[in-house]
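Chains as they are written, first to last, in this note's numbering: chain A, 236 to 389; chain B, 236 to 389.
Below: the structure, in structure tokens.
2 protein chains.
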Amino acid sequence: MLSIPPSEVPRHCNIADALEVVGDRWSLLVVRELFYGPQRFTDIARHTGAPRDILAVRLRKLEEHGVLMRVPYSEHPPRHEYRLTPSGRALSPVLLTLKRWGSENLSGGADPIVLRHSCGAEFVAQVHCKACGEILPMDASDAGKLFVADLPRD
Amino acid sequence: MLSIPPSEVPRHCNIADALEVVGDRWSLLVVRELFYGPQRFTDIARHTGAPRDILAVRLRKLEEHGVLMRVPYSEHPPRHEYRLTPSGRALSPVLLTLKRWGSENLSGGADPIVLRHSCGAEFVAQVHCKACGEILPMDASDAGKLFVADLPRD
DNA sequence: ATAATAAGTTTGATTTTCAAACCAACTCTT
DNA sequence: AAGAGTTGGTTTGAAAATCAAACTTATTAT
């Protein structure tokens with residue numbers, strides 16, 4: 236009778252990795268702002284509500300992790316704007332799923348950010364089975380029977 | 236010539252709402268754990284790495300927001316396990332997109348959490364145009380030209 | 001010459017986080 | 001029956017992060 240000993244260390248995974256980079260109070264709001272186009276420091280501060288000192292630290296961190304980049308728009312004085320990198324734009328599904336979860340599962344109302352296709356319609360995120368294509372309903376009324384995790388239990 | 240005055244208040248939206256609930260260092264890791272099935276306090280603490288006191292506060296908050304529920308498994312002493320609600324299970328697309336972003340955009344490696352369809356294959360998240368169905372590539376090599384935001388700029 | 005803009009940095013007070021110790025209620029072992 | 005172990009937290013005290021507001025530096029506009 237084989238039994239796996241209880242692990243004393245936290246589970247490390249890609250979700251944890253991702254949260255290490257964008258899992259704080261402000262980072263994803265910064266990314267949201269940059270989806271509206273390149274932005275300057277003061278605008279990001281105003282629209283996210285982040286304190287300026289914290290924002291400065293976050294922007295450096297996001298730059299280090301390749302989520303955004305600084306692009307100069309003036310020398311004398313040196314000034315730059317912030318712009319998403321491809322990696323930063325690749326966060327759109329995260330924002331879209333978060334947005335949808337918020338609108339469907341939290342009482343609230345405002346729904347201002349909308350990403351649109353160039354054809355004019357909205358973008359939406361969807362989860363489906365890689366093989367058979369069955370769509371996982373996001374309202375998850377009975378999602379329980381739809382998926383299982385495979386992992387060492389202890 | 237009409238121009239919108241600069242807003243002094245941060246933009247409020249569903250993304251911000253969602254982050255208010257699950258946008259901290261531990262909450263989404265708690266949800267990840269609960270996807271493996273109902274869990275007890277000590278197991279969640281061990282597997283997420285969250286300090287016990289913080290975890291207690293987060294679990295209460297997540298319960299208040301309807302993400303999870305306590306289900307008794309013993310009286311004398313009163314004990315319960317934590318279980319996702321439908322609203323909590325509806326976070327699976329958020330976890331899946333975060334996971335995918337982490338694995339494709341951050342150097343790292345571990346990829347332990349896998350949600351599977353009952354048919355055995357993996358679930359994946361995808362962003363597409365609601366109308367014409369065009370898929371937004373998640374590597375976002377040139378996603379820039381694929382979508383635009385419509386919002387008051389100031 | 002004065003005021004305004006821009007991108008941060010500094011300051012000092014308040015909050016949050018953390019690890020480790022502790023507690024209460026029970027069960028299991030000897 | 002006494003002592004050790006388990007479970008689900010709470011308490012404590014120190015360290016770190018957050019915050020709002022004031023400040024700095026460089027430059028342009030009036």
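Using N, Cα and C, we set each Cβ at its ideal position, and we do this for glycine too.
Exercise for the section: Give a yes or no on whether 8 Å exceeds the smallest Cβ distance from L326 (chain B) to chain A. Expected result: yes
Practice task
Would you identify the three-state DSSP class for L326 (chain A), choosing helix, strand or coil?
Solution key: coil
Handout entry: Residue-level contact to chain A via CB, K296 (chain B), 8 Å cutoff
Key = no
Practice task
State yes or no: is the C-beta of A325 (chain A) nearer than 7 Å to some heavy atom of the ligand FAD?
Solution key: In terms of ligand content, the structure shown is empty, and the ligand FAD therefore cannot be addressed.
Problem - Closest by C-alpha distance to R260 (chain B), when choosing among A:A251, A:R314 and A:A325 - result: A:A251
Handout entry: Nearest-angstrom beta carbon gap, S322 (chain A) and N340 (chain B) [assumed within contact, 8 Å]
Key = 4 Å
Problem - Residues that E316 (chain A) bridges to, as DSSP identifies them - result: A:V306
Practice task
Mind the definition here: the region 351-370 of chain B touches the region 351-366 of chain A only if three or more C-beta pairs lie below 8 Å; say whether that holds.
Solution key: yes
Problem - Run of the beta strand (DSSP E) containing V362 (chain A), from where it starts to where it stops - result: F358 to C364
Exercise for the section: Would you tell me roughly how many angstroms separate the C-alpha atoms of L319 (chain B) and S342 (chain A), rounded to the nearest one? Expected result: 18 Å
Exercise for the section: Mind the definition here: the region 276-287 of chain A touches the region 324-335 of chain A only if three or more C-beta pairs lie below 8 Å; say whether that holds. Expected result: no
Problem - Same chain, Cβ closer than 6 Å to L263 (chain B), neighbours up to 5 away in sequence not counted - result: V257
Problem - Against chain A: residues of the region 242-254 of chain B by CB proximity under 9 Å - result: S242, E243, V244, P245, R246, H247, C248, N249, I250, A251, D252, A253 and L254
Handout entry: Limits of the unbroken alpha helix (DSSP H) element including R281 (chain B)
Key = F276 to T283
Handout entry: Sufficient close CB pairs (3 or more, under 8 Å) joining the region 269-276 of chain A to the region 301-319 of chain A
Key = yes
Handout entry: Cβ-based neighbour list, H300 (chain A), same chain, cut-off 6 Å, excluding 5 preceding and 5 following
Key = V256
Exercise for the section: Tell me whether R267 (chain B) sits in a helix, a strand or coil according to DSSP, three-state version. Expected result: helix
Practice task
With 8 Å as the threshold, decide whether the Cβ of R360 (chain B) is near any Cβ in chain A.
Solution key: Looking at the sequence shown, residue 360 (chain B) is not Arg but Ala. Yes, contact with chain A.
Exercise for the section: Compare the Cα-Cα distances from D346 (chain A) to each of A:E310, A:R267 and A:A253 and report the closest residue. Expected result: A:R267
Handout entry: Under 7 Å from the C-beta of V256 (chain B): neighbouring residues of chain A
Key = L341
Problem - Neighbour flag for E369 (chain A) against chain B, beta carbons, 8 Å - result: yes
Problem - Inter-residue Cα distance where the pair is H352 (chain B) and P372 (chain A) - result: 12 Å
Handout entry: Distance between A325 (chain B) and R246 (chain A) (C-alpha atoms, nearest Å)
Key = 22 Å
Problem - CB contact check: S217 (chain A) to chain B, cutoff 8 Å - result: The structure shown does not extend to residue 217 (chain A), since chain A spans only 236 to 389, so no value can be given for it.
Problem - 6 Å CB neighbourhood of M304 (chain B) in its chain, flanking five on each side removed - result: R318 and T320
Exercise for the section: Check L371 (chain A) in the structure and name its three-state DSSP category. Expected result: strand
Practice task
For L290 (chain A), decide whether its Cβ has a neighbour in chain B, counting only Cβ atoms nearer than 8 Å.
Solution key: no
Exercise for the section: Using the Cα positions of T277 (chain A) and V306 (chain A), report the straight-line distance between them to the nearest angstrom. Expected result: 15 Å
Problem - Cutoff 8 Å: F363 (chain A) Cβ touching any chain B Cβ - result: The displayed chain sequence assigns His, not Phe, to residue 363 (chain A). At least one chain B Cβ lies under 8 Å of H363 (chain A).
Practice task
Note down the Cα distance separating L269 (chain B) from G337 (chain B), rounded to an integer number of angstroms.
Solution key: 20 Å
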